[in-house]
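Colleague:
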Amino acid sequence: MAPRTTPTQRQRRLGAEIRKMRTTAGMSTEYAAGLLGIDRGKISNIESGTRNISPERLRTLATHCECIDERYVAALVDLTAPSKGNWWDEYRGRLSPGLLDIVELEWHASRIQTIQTVHIPGLLQTEDYARSVFTAVLPALSPLEVELRVAHRMGRQQVFHRESPVDYVGYVHEAALRMRFGGRETAKFQLKTLLEASERNNIAVRIVPIELGSFPGAGHALLYAEGSVPQLDTAQLDSAHGPEFMHADLQLAKYRAHLQWMDEKCLSPHASRDFIHVIIREL
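With positions in the sequence shown counted from 1, the corresponding number in my numbering is that position plus 64.
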């Protein structure tokens, strides 16, 4: 099978974990290739995510790398399963790969936490609110491109409506609540929708009031997706060039600390709902 030309973030992550396992064990590319009965070039392709590895070969490599964490190895084996029949596949070739990587990350996460300072979290946006956000993009998107992004964003909310809905915590700065994307009525309906979502057992909305002052990561939107094991957690940040995905140990430790700060300092879910009610009455 020929190597993939555009591996997904999930496929690249598997390759990165395999490389980390091999190099941590001090195993050379040549040795790994001989162990698995493949040529050296295929090892490089596996580690770049452009070629898959079979579960059997992955377990063989893990054994020889003395990786004894069975939960971690089993989680890596799960990553080898081919991706097919996903609802977001219909957008492949129509939206950027980065947007599809985000929805795949969310879909497979065991828990999601986000920090937003300007927008209502994408997973909790209404259609009109999302449409207003995408209409403000520069360079301007065509009406068709705007509607594609709106439909894709609404589709992401399936993680809350499937058989096993994902657990979610959204830390939202007060400034985001007061931004009137789409005008007064759209903003008011968005806040009411946010309140309704926050009443669900698997969704918590925590407000960062302005009076709290400075906070870590100010100005950056963060999506933190917990994997089936902590080693497979992923932090995603937005940038002008598209989403950036980070999973190095020090990077994850940094963003875990940010989220811990938020958990300790933000308003409780109940107090946050009261706070949102106040802002709605002011609109």
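Every residue gets a Cβ at the ideal spot worked out from N, C-alpha and C, and that includes glycine.
Could you check whether residue 223 and residue 180 sit closer than 8 Å to each other, using their CB atoms as the reference points?
Modeller: Translated into positions along the sequence shown, residue 180 becomes position 116. Translated into positions along the sequence shown, residue 223 becomes position 159. Contact flag unset, no.
Colleague: Any idea if residue 207 is buried or exposed, counting beta-carbon neighbours within 10 angstroms, 16 or more meaning buried?
Modeller: As a working mapping, residue 207 is identified with position 143 in the sequence shown. By the neighbour-count rule (16 or more Cβ atoms within 10 Å), residue 207 is not buried but exposed.
Colleague: What runs of the alpha helix (DSSP H), each 4 residues or longer, lie entirely inside the segment 135–201?
Modeller: For the alpha helix (DSSP H) assignment, the uninterrupted runs of no fewer than 4 residues enclosed by the segment 135–201 are, from N- to C-terminal side, 161–172 and 191–199.
Colleague: Ignore the nearest five residues each way along the sequence and tell me which others in residue 175's own chain have a CB closer than 6 Å to its CB.
Modeller: Taking the sequence shown and counting its residues from 1, the one referred to as residue 175 is at position 111. Only 231 and 290 meet the Cβ criterion.
Colleague: Quick check on the DSSP output: the beta strand (DSSP E) that includes residue 226 runs from which residue to which?
Modeller: Looking up residue 226 in the sequence shown gives position 162. Neither: residue 226 is in no beta strand (DSSP E) and is coded neither H nor E.
Colleague: Note down the Cα distance separating residue 138 from residue 252, rounded to an integer number of angstroms.
Modeller: Here residue 138 refers to the residue found at position 74 of the sequence shown. Here residue 252 refers to the residue found at position 188 of the sequence shown. So the alpha carbons of these two residues sit roughly 46 Å apart.
Colleague: With respect to the beta strand (DSSP E) encompassing residue 237, which residues constitute its N-terminal and C-terminal limits?
Modeller: Taking the first residue of the sequence shown as 1, we reach residue 237 at position 173. Segment 231–237, the beta strand (DSSP E) holding residue 237.
Colleague: Can you have a look at residue 71 and say buried or exposed, based on whether 16 or more other CB atoms are within 10 angstroms of its CB?
Modeller: The residue you call residue 71 lines up with position 7 of the sequence shown. Residue 71 should be labelled buried.
Colleague: On the criterion of 16 or more Cβ atoms from any shown chain inside 10 Å, does residue 96 qualify as buried, or is it exposed?
Modeller: One-based indexing of the sequence shown puts residue 96 at position 32. Residue 96 should be labelled buried.
Colleague: Do residue 102 and residue 82 have their CB atoms nearer than 8 Å?
Modeller: On the sequence shown, position 38 is the one that residue 102 refers to. On the sequence shown, position 18 is the one that residue 82 refers to. No; because the gap between Cβ atoms is not below 8 Å, this pair is not in contact.
Colleague: Rounded to the nearest angstrom, how far is the Cβ of residue 186 from that of residue 158, given a contact under 8 Å?
Modeller: Within the sequence shown, residue 186 is the residue found at index 122, counting from 1. Within the sequence shown, residue 158 is the residue found at index 94, counting from 1. No, residue 186 and residue 158 are not in contact; Cβ-Cβ is about 18 Å, not under 8 Å.
Colleague: For residue 261 and residue 334, I'd like the C-alpha separation in whole angstroms.
Modeller: Here residue 261 refers to the residue found at position 197 when the sequence shown is read from its first residue. Here residue 334 refers to the residue found at position 270 when the sequence shown is read from its first residue. Taking the straight line from one Cα to the other gives about 13 Å.
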